[in-house]
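If you're matching positions, the sequence shown starts at 959 in this note's numbering and goes up one per residue.
Glycine included, every Cβ here is placed at the ideal spot set by N, Cα and C.
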Amino acid sequence: MKPHKQYDIAFVGLKSGKHEFDYDIDDSFFAEYGTPDFSNSRLHIRLLFEKQNRFFLLKFEITGQVTVNCDRCGDPFTMPVWDEFKLVVKLVEDPGTTQEEDPDVIYISSNESLLNVADWIYEFASLSIPMQRVHPDKDRGVSGCNQKALDMLKGMQEKGKTTNNPIWKDLEKFKNN
959 MKPHKQYDIA
969 FVGLKSGKHE
979 FDYDIDDSFF
989 AEYGTPDFSN
999 SRLHIRLLFE
1009 KQNRFFLLKF
1019 EITGQVTVNC
1029 DRCGDPFTMP
1039 VWDEFKLVVK
1049 LVEDPGTTQE
1059 EDPDVIYISS
1069 NESLLNVADW
1079 IYEFASLSIP
1089 MQRVHPDKDR
1099 GVSGCNQKAL
1109 DMLKGMQEKG
1119 KTTNNPIWKD
1129 LEKFKNN
């Protein structure tokens, strides 16, 4: 994969203190990492970067929207996205020998001068999109899903209950014991 140079932060030239970086990403950004299960992504990442003497505090604020398919009815809909993630980057002499189990702490060599945040943006943006994707309810609690699809699912569910399978008939007697 080719490096994303626009996501490089040259921290050596930055003064200690707080800095802000803004990134806008879309489907082309995600396509470089594989085939996402969403489309029409328009996300804004606000990165608050606080430089200290031997470490950096990073806070990724992600806002925007993506188009996903509803898990219930299968129709596409636009889902809002908002989340934030924090990460600590520590400068050490030999990052390979540092043994700390915290997944929110990353170690890089003190000889480095650039920090590329593209992979973290991808990871955090992907984690911001909920696993359960269901149309939001309309007014008065009415489902926003395709009503024809819901009716079809309900009919299939009822049909499955009424079908008697002789294979399971003998097992029914154990059900009430």
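Just to confirm, is the Cβ distance from residue i to residue j under 8 angstroms?
i            : j            : result
residue 1062 : residue 1046 : yes
residue 996  : residue 1025 : yes
residue 1041 : residue 1020 : yes
residue 1095 : residue 1101 : yes
State the Cα-Cα distance for the pair residue i and residue j, rounded to the nearest angstrom.
i            : j            : result
residue 986  : residue 1124 : 53 angstroms
residue 1050 : residue 1018 : 23 angstroms
residue 975  : residue 1013 : 11 angstroms
residue 1048 : residue 1066 : 6 angstroms
residue 959  : residue 990  : The predicted model places residue 959 with a pLDDT of 48, which falls under 50 and marks its position as unreliable, so this point remains unresolved.
residue 1002 : residue 1015 : 19 angstroms
residue 964  : residue 1060 : 28 angstroms
residue 980  : residue 994  : 22 angstroms
residue 984  : residue 1043 : 19 angstroms
residue 1133 : residue 1127 : 10 angstroms
residue 962  : residue 1104 : 40 angstroms
residue 1084 : residue 1064 : 19 angstroms
residue 998  : residue 1038 : 12 angstroms
residue 1131 : residue 1098 : 44 angstroms
residue 1111 : residue 1088 : 23 angstroms
residue 1055 : residue 978  : 31 angstroms
residue 1058 : residue 1113 : 54 angstroms
residue 1082 : residue 988  : 12 angstroms
Find the nearest neighbour of residue i within the set the options, judged by alpha-carbon distance.
i            : options                   : result
residue 1022 : 1114, 1095 and 1086       : 1086
residue 969  : 1007, 992 and 998         : 1007
residue 967  : 1129, 1078, 1054 and 1098 : 1078
residue 972  : 1073, 999 and 988         : 1073
residue 1068 : 992, 1129, 1127 and 1010  : 1010
residue 992  : 1088, 1080 and 1098       : 1080
Could you tell me which residues DSSP pairs with residue i in its beta bridges?
i            : result
residue 1080 : For residue 1080, which the question treats as bridged, DSSP gives no partner whatsoever.
residue 1038 : 1023
residue 1046 : 1015 and 1063
residue 1132 : The partner list for residue 1132 (beta bridge, DSSP) is empty, contrary to what the question assumes.
residue 1003 : 981 and 1020
In its own chain, which residues sit with a C-beta less than 7 angstroms from the C-beta of residue i, not counting the 5 before and 5 after it?
i            : result
residue 1090 : 1029
residue 1115 : none
For residue i, which residues from the same chain have a beta carbon less than 8 angstroms from its beta carbon, with the 5 sequence-adjacent residues on both sides left out?
i            : result
residue 1107 : 1030, 1031, 1032 and 1033
residue 982  : 1000, 1001, 1002 and 1003
Quick one: residues in its chain with C-beta nearer than 6 angstroms to the C-beta of residue i, no 5 flanking neighbours on either side, listed in chain order?
i            : result
residue 1168 : Outside the displayed range of the chain (959 to 1135) lies residue 1168, so it cannot be described from this structure.
residue 1093 : 1028, 1035, 1102 and 1103
residue 1005 : 979 and 1018
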